[in-house]
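For reference, each letter of the sequence shown is one residue, going 1 to 82 in our numbering. We put the CB at the ideal spot given by N, CA and C, even for glycine. Here the structure is a predicted model, which means the values were calculated and not measured.
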Amino acid sequence: MMPVTQRLLVLTALLSLLLALQVQTAPIDTDWATGLIHRAKRSLLWRWNTLKPVGSGCRDHYECGTNYCRKHTCSFYKAQQA
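Next comes the structure, spelled out in structure tokens:
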């Protein structure tokens, strides 16, 4: 016969697995799920590592390490205002 503590441990493990499965398969309400897709907050080091170097292609200033996107290319200088 198993000791009481061992039975309790086995019962707790089985209950934890069962509850984890229930949480994992629970459906998400469609109204609530629309706000789930958002940009993750990243650390400053991660943002520096993911910025594009000078000379690479860009679409907006925030993509470049220098914060200057000129003629779809990361540049050291801002585009001249005419």
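Hey, out of the options, whose CA is closest to residue i's CA?
i: THR73; options: ASN67, GLY57, TYR62; result: GLY57
Who are the Cβ neighbours of residue i in its own chain at under 8 Å, not counting the five residues just before and after it?
i: THR66; result: VAL54, CYS74, SER75, PHE76
What's the gap between the Cα of residue i and the Cα of residue j?
i: THR50; j: SER16; result: 39 Å
i: GLN6; j: LEU18; result: 18 Å
i: LEU21; j: SER43; result: 32 Å
Got a sec? Which residues, its chain only, sit under 6 Å from residue i by beta carbon, not counting five neighbours each side?
i: CYS64; result: LYS52, CYS58, CYS74
Let me know the secondary structure DSSP gives residue i once reduced to three states.
i: THR66; result: coil
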